[in-house]
Each structure stands twice: as structure tokens, then as C-alpha cells.
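Undergrad: Read in the UniProt record's numbering, the sequence shown has 269 at position 269, and its numbers run on one by one without any break.
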Amino acid sequence: MAYTLAFCFWPRALKPIKMLNLQNLNSIAGIPSSEELITIYSRFRHTCTSPYNLNFFLALSYFKLASISQGIYARYLLGNSSAGNSLEFSSIVRPLAEVGLLVAKKITFNTGSAPCNSGELFQQSTEGKKILQKMKDFMKKHIFPAEKEKAKAEGLWNLFLPAVSGLNQLDYALIAEETGKCFIAPEVINCHAPDTGNMEILYLHGTEEQKKQWLEPLLEGKINSCFCMTEPDVASSDATNMKCHIQRDGDSYIINGKKWWSSGAGNPNCKFAIVMGKDKATSASRYKQHSMIIVPMDTPGVKLIRPLSVFGYFDYFHGGHFEIHFNDVRVPATHLILGEGRGFEIAQGRLGPGRIHHCMRSIGAGETALRILCERSAQRVTFGKKLYHHEVVAHWIAECRIAIEQARLLTLKAANQIDAMGNKAARKEIAMIKVVAPRAVLKVIDCAIQICGAAGFSEDFPLAQMFAYIRTLRVADGPDEVHLSAIAKLELLDQARQLNAHL
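Next comes the structure, spelled out in C-alpha cells:
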């Protein structure tokens with residue numbers, strides 16, 4: 001996009017070149033303006049209309065054009081240029097490089113006029129923009145809150161938190177499956193990640209002050225939050241690998257480091273992050289060197305760097321996934337959760353029930369995919385018979401049902417184990433479902449896509465987005481390989497205990 005935009009801002013002082021006659025590009029009828037180009041690009045890529053780091057790429061484009069022009073002129077000097085006007089390119093090398101340098105030094109990109117925020121190719125009239133803004137305000141003020149108020153009125157609110165809902169993990173697991181059948185359902189009933197995990201942390205480990213300031217607004221759905229654990233510069237499959245550090249300084253803590261895949265951070269309503277970092281000065285064991293701390297998003301030094309896409313999807317519905325840098329971020333010592341070196345203790349309590357929720361929502365998505373598979377196989381005819389009459393398709397349907405039932409039974413067993421004996425006793429079952437459920441559901445979605453043909457890749461069906469989301473679960477909250485290693489270790493210990501008991 002930046003390379004295309006470079007021609008919109010071609011230096012007007014340059015002498016026109018026959019093969020690059022760009023002097024009045026914006027005045028030619030039918031050629032989009034710079035604002036329209038950005039809007040078109042953003043619409044088709046499903047990105048925001050204020051691209052991050054556009055200045056960098058625009059400057060790079062000018063330097064590239066300057067390099068190409070220099071190359072053409074160099075070939076002229078060597079006498080092996082094929083273009084008759086090669087000499088003319090000597091006059092544009094320096095001006096293009098200067099424009100690139102000028103753009104690189106700018107803090108923000110500006111096209112010279114107000115950007116088009118409508119997400120459409122054509123500019124609205126003044127009255128149209130006014131009415132659109134009124135509608136957005138109306139939706140934000142009356143419609144969206146009404147969805148949540150309806151859920152509250154029906155008693156379908158904060159169901160994931162046993163102390164609030166009165167439900168156990170097994171109860172909520174089956175409810176989570178239902179919410180997994182619709183992308184927006186968890187948001188409507190205030191049971192969506194990462195807020196659920198953060199609410200559990202604050203409920204179980206927060207001080208009264210922390211609960212009042214942060215937990216209560218979260219429980220009421222007035223604010224949102226994000227969780228910052230994964231880092232870009234280390235292999236995060238080893239959770240002890242962290243460069244972000246949290247250092248005590250008097251009655252404050254100072255946070256420095258980089259985090260990414262911080263889900264929800266782009267939500268305008270995201271008011272704080274729970275950040276996990278390491279105390280570099282401590283000599284404690286490797287699992288007692290990390291702490292969690294509350295960082296308000298408006299604290300100086302907190303910088304959202306860029307949104308991260310998942311197979312091209314930005315998940316803007318809940319605020320997207322962001323890379324965040326913390327540069328000398330200072331917060332009060334009262335923002336520390338539970339105590340120094342207690343980060344892993346907190347994380348283990350957070351991830352157990354959270355994996356039940358993720359897996360059951362995945363199974364709900366699997367049910368939706370299987371429904372689509374069956375409907376499509378009943379509607380379409382090939383070689384004179386319905387798709388489901390072909391034996392291979394019938395076998396897919398059967399295998400998908402088996403995979404879903406197996407994953408559900410194992411996940412419900414894990415939920416029951418947590419209820420009966422706690423997170424620690426259910427470690428093996430929790431690790432197993434984290435491997436089994438995403439794999440099973442991905443198989444179902446893949447079969448559904450295959451039955452739908454090319455349409456399965458499109459937005460006519462939810463399958464592509466479902467696949468993108470479920471595939472992340474084979475990495476998020478620990479990759480399959482880490483869980484498989486944990487399962488093997490726990491199984492060997494169980495077998496050793498049984499062997500010793502027999503002896």
C-alpha cells in the first residue's frame with residue numbers, strides 16, 4: 001500500500017519523465033485519492049483505517065524508487081541502458097531520497113485532509129456523517145448496553161465465577177459449550193477471555209482495594225482488561241522465559257519489557273492490564289522469580305505497538321491482539337497481586353478453569369461446524385445423489401460425531417475432577433483436554449470446509465474464522481508439545497505409584 005501511495009505524493013518540483021508522468025495524478029478522474037486508497041486497502045485486508053508504521057513503509061518506498069532510478073542512470077553511464085530517456089532519471093534520485101527522509105522523520109502519517117473513517121470507498125455528505133455519528137452514539141449508549149442488561153435480567157451474567165454464579169466447573173462447562181456456538185455470546189454474558197481470567201485472579205488473590213477499583217467494574221461489564229504474559233523475544237513455550245522485569249523502587253514498581261498477543265488491548269474500554277514479569281535481582285527458584293501486577297493502560301510508558309492478525313483476522317470485536325511495550329512504567333506498590341514471586345502460583349490457578357472454558361467453547365464451535373457439514377451434505381447433489389449418500393462423506397459425519405463426543409466426555413471429566421479434588425489433582429486431565437479438544441474440533445471444521453468447497457473459505461460461512469480461532473488453541477496457553485510432555489511425566493509417576501503399591 002505504501003508503495004502505491006508514494007505516487008500520490010510525488011514531488012511536484014521534479015521534471016516530468018515521459019514514462020512516469022505523475023505530475024497531476026490526483027486530478028485525473030477515476031483515480032482514488034490517498035484517503036480512498038487507504039480505505040480500500042483497509043477494507044479488503046480487514047484492518048483499521050489508520051495503519052501502524054505507515055511512515056516507515058512510505059519512506060522505504062521512496063528510497064526504493066530512488067535506488068531504482070539510480071540503477072537506470074548507472075546503466076546509462078555504462079552504455080547498456082535500454083530506455084531512451086535513461087539520463088532523465090539522474091535528476092530524480094536525490095529529490096526522492098530527500099522526500100523519503102522527510103517522511104521518515106514525521107511522527108504520524110497525514111494525507112493532507114481528513115481521513116475517511118466510514119470504511120467505504122465513497123465519501124459521505126456532511127449530513128450523512130452527522131447522522132452516522134448519531135447512530136454510532138445511539139448504538140453505544142442504548143443498544144449494546146441493552147444486550148448486556150437483558151443477559152443480567154435473565155440471570156446469565158458472570159456465570160464462569162463459582163462464587164458469584166453458584167455454579168461449579170461442570171455446570172459452567174456445558175454452558176460454555178453453548179456460548180461457543182456463537183462468536184459474540186461470551187461477550188454478551190460477560191464471560192469472555194481475557195476478562196474471565198483476570199476476574200478470577202482478582203477475586204481469588206486481589207486486595208480489597210484492588211477488588212473495589214478493578215474487579216467490581218469488570219464484574220459489572222463497565223470496563224475491560226488484557227493479560228500480558230507472552231513475549232516476542234523469547235520462546236514462550238517455556239513460561240519461565242521472560243525478559244520483562246518488575247523492579248521495586250521505594251513505594252512503587254517499575255516495569256520494563258515487551259509483551260505481545262495481549263488480547264483485548266485494543267479495546268477503547270480496556271482500562272488495565274495484568275502484567276507478569278521477572279525480578280532479575282532475586283536468587284529464588286525459577287518458579288518463584290515472577291510476579292503479577294496491575295498496570296492502568298493510561299500509565300506513562302505503556303505503548304500499543306501494533307495489532308497482530310490471526311490468519312488475517314484481527315479479532316477487533318473484543319479489541320484484537322496487540323504487541324505492547326512497557327518503558328519505565330511506574331505503578332504504586334499496592335498494584336502488586338498476592339506478593340513478589342507469586343506469579344506462577346497465580347497463573348496455575350487461572351489457567352486450569354480457563355482451559356475448561358476454552359475447550360468447551362471449542363466443542364460448541366465443533367457442533368456448529370458439524371451442523372453445517374450435515375446441512376450442506378443434504379442440500380448438494382453430485383453424480384446423481386446427495387453428498388451424504390457417498391460413503392466417504394457418511395464416514396466423515398460419523399467420525400466427526402465420535403471426535404466431538406470423545407472431546408466433550410474428557411473435558412467434562414476434567415471439570416468434574418476440578419470440582420471434586422481441585423486444580424492440582426486434575427493436572428493430567430486438564431493437559432489432555434488442551435491437546436484433544438482443539439485437534440478434534442479442527443478435524444470437524446476441516447471436514448465441513450471440504451464439504452462446502454471453495455465457499456468454506458469465504459465469509460459466507462463462519463468456518464474459516466472458526467478454524468483460525470481454534471488453531472490458535474494448539475499454541476495459546478501452552479503448545480501441544482508442552483502438554484504432551486506434562487501428560488507423559490504425570491502418567492509415569494502414576495504408573496510408578498501403582499507399581500510400588502503392588503510391591
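Every residue gets a Cβ at the ideal spot worked out from N, C-alpha and C, and that includes glycine. What you are looking at is a predicted structure, and each value in this text was computed from that prediction instead of being measured.
#1: Where do the N-terminal and C-terminal ends of the beta strand (DSSP E) with proline 462 fall, by residue?
#2: Shortest alpha-carbon distance to aspartate 158 belongs to which of His142, Ala176, Asp480 and Lys141?
#3: Starting from the C-beta of phenylalanine 457, find all residues in its chain whose C-beta is less than 6 Å away, skip the five residues before and the five after it, and write them out in chain order.
#4: Measuring straight from C-alpha to C-alpha, what distance separates cysteine 324 and isoleucine 346?
#5: With the cut-off set at 8 Å, would you say histidine 318 and glutamate 187 are in Cβ contact?
#6: In terms of alpha-carbon separation, which member of Arg427, Arg471 and Ile445 lies closest to leucine 493?
#7: Counting only runs that start and end within the region 333-399, where is the alpha helix (DSSP H) found for 4 or more residues in a row?
#8: Relative to the C-alpha of glycine 343, which residue among Thr207, Ser69, Met1 and Met229 is closest?
#9: As an exercise, report each continuous beta strand (DSSP E) stretch of at least 3 residues that is fully enclosed by the UniProt domain "Acyl-CoA oxidase/dehydrogenase middle" (226-328), in chain order.
#10: Proline 186 lies in the alpha helix (DSSP H); which residues open and close that run?
#11: With a threshold of 16 other CB atoms inside 10 Å of the CB of glutamate 459, please say whether the residue is buried or exposed.
#12: Alpha carbon to alpha carbon, how far is arginine 350 from glycine 206?
#13: Just mark alanine 403 as buried or exposed, buried being the case when its beta carbon has 16 or more other beta carbons within 10 Å.
#14: Just verifying my parser: in three-state terms, what is the DSSP assignment at arginine 330?
#15: Which class does asparagine 224 belong to by DSSP, given the choice of helix, strand or coil?
#16: Given this structure, state the Cα-to-Cα distance separating asparagine 417 from tyrosine 41, to the nearest angstrom.
#17: Check whether the Cβ atoms of isoleucine 397 and alanine 414 sit closer than 8 Å, and answer yes or no.
#18: Excluding sequence positions up to five away, which residues of its chain have a Cβ less than 6 Å from the Cβ of isoleucine 433?
#19: Taking 8 Å as the threshold (C-beta atoms), are serine 225 and cysteine 270 in contact?
#20: Expressed to the nearest angstrom, what Euclidean distance is found between the alpha-carbon atoms of arginine 306 and phenylalanine 322?
#21: Kindly indicate which residue of Ala104, Met292, Ala420 and Asp477 has the alpha-carbon position closest to the one of leucine 60.
#22: Report yes if the C-beta distance between isoleucine 294 and histidine 335 is below 8 Å; otherwise report no.
#23: Whose C-alpha, out of Met297, Lys288 and Lys134, is nearest the C-alpha of glycine 339?
#24: Return the Cβ separation of aspartate 328 and glycine 301 in integer angstroms, given the expectation that the two are a contact with Cβ distance under 8 Å.
#25: If you count every other CB in all the chains shown that lies within 10 Å of the CB of residue 504, and 16 or more means buried, which is it?
#26: If you reduce the DSSP assignment to three classes, tell me which class valine 475 lands in.
#27: Just the C-alpha distance for leucine 442 and arginine 471, rounded to the nearest angstrom, thanks.
TA: Let me lay it out:
#1: In the sequence shown, residue 462 corresponds to position 462, counting from 1. Element bounds for proline 462: n/a, residue is neither H nor E.
#2: For the purposes of this step, residue 158 is identified with residue 158 of the sequence shown, where counting begins at 1. For the record, residue 158 in the displayed sequence is asparagine; it is not aspartate. If we check each option's Cα against that of asparagine 158, Ala176 comes out closest.
#3: Position 457 of the sequence shown, counted from the first residue, corresponds to residue 457. Counting only Cβ-Cβ distances below 6 Å, and skipping sequence neighbours, we find Ala464.
#4: The count along the sequence shown starts at 1 and reaches residue 324 at position 324. The count along the sequence shown starts at 1 and reaches residue 346 at position 346. In the sequence as displayed, the identity of residue 324 is isoleucine instead of cysteine. The alpha-carbon atoms of isoleucine 324 and isoleucine 346 are separated by roughly 22 Å.
#5: Reading the sequence shown from its first residue, position 318 is the one you call residue 318. Reading the sequence shown from its first residue, position 187 is the one you call residue 187. Yes, the Cβ-Cβ distance between histidine 318 and glutamate 187 is below 8 Å.
#6: By one-based count along the sequence shown, residue 493 stands at place 493. Leucine 493 has its Cα closest to that of Arg427, out of Arg427, Arg471 and Ile445.
#7: 343-379
#8: Within the sequence shown, numbered from 1, the residue matching residue 343 stands at position 343. For the residues Thr207, Ser69, Met1 and Met229, the minimum Cα distance to glycine 343 belongs to Met229.
#9: 245-249, 252-263, 270-278, 290-296 and 302-308
#10: For the purposes of this step, residue 186 is taken as residue 186 along the sequence shown, with counting starting at 1. Segment 185-188, the alpha helix (DSSP H) holding proline 186.
#11: Walking along the sequence shown from the start, residue 459 turns up at place 459. The residue is exposed, with fewer than 16 neighbouring Cβ atoms inside 10 Å.
#12: Against the sequence shown, residue 350 aligns to sequence position 350. Against the sequence shown, residue 206 aligns to sequence position 206. About 13 Å.
#13: Looking up residue 403 in the sequence shown gives position 403. Buried, by the Cβ-count rule.
#14: In the sequence shown, the residue the question calls residue 330 occupies position 330. In this structure, arginine 330 counts as strand in the three-state DSSP scheme.
#15: For this step, residue 224 is matched to residue 224 along the sequence shown. It is a strand residue.
#16: Along the sequence shown, read from residue 1 onward, the residue named residue 417 stands at position 417. Along the sequence shown, read from residue 1 onward, the residue named residue 41 stands at position 41. The question names asparagine, but residue 417 is glutamine in the sequence shown. Whole-angstrom Cα-Cα distance: 50 Å.
#17: Reading the sequence shown from its first residue, position 397 is the one you call residue 397. Reading the sequence shown from its first residue, position 414 is the one you call residue 414. No, Cβ-Cβ distance for isoleucine 397 and alanine 414 is not below 8 Å.
#18: Taking the sequence shown and counting its residues from 1, one reaches residue 433 at position 433. Closer than 6 Å at Cβ, skipping near neighbours: Cys359, Leu410, Thr411 and Ala414.
#19: On the sequence shown, residue 270 is found 270 positions in, with the first residue counted as 1. On the sequence shown, residue 225 is found 225 positions in, with the first residue counted as 1. In contact: cysteine 270 and serine 225 (Cβ atoms closer than 8 Å).
#20: As a working mapping, residue 306 is identified with position 306 in the sequence shown. As a working mapping, residue 322 is identified with position 322 in the sequence shown. Each residue's alpha carbon lies about 6 Å from the other.
#21: For the purposes of this step, residue 60 is taken as the residue at position 60 of the sequence shown. Comparing Cα positions, the closest option is Ala104.
#22: Taking the sequence shown and counting its residues from 1, one reaches residue 294 at position 294. Taking the sequence shown and counting its residues from 1, one reaches residue 335 at position 335. In contact: isoleucine 294 and histidine 335 (Cβ atoms closer than 8 Å).
#23: Taking the first residue of the sequence shown as position 1, residue 339 is located at position 339. Per the Cα distances, Lys288.
#24: Along the sequence shown, read from residue 1 onward, the residue named residue 328 stands at position 328. Along the sequence shown, read from residue 1 onward, the residue named residue 301 stands at position 301. Yes, aspartate 328 and glycine 301 are in contact; Cβ-Cβ is about 5 Å, under 8 Å.
#25: Only positions 1 to 503 of the chain appear in the structure, and residue 504 is not among them; the question remains open.
#26: Translated into positions along the sequence shown, residue 475 becomes position 475. Three-state result, valine 475: coil.
#27: As a working note, residue 442 is residue 442 in the sequence shown. As a working note, residue 471 is residue 471 in the sequence shown. Roughly 7 Å separates the two Cα atoms.
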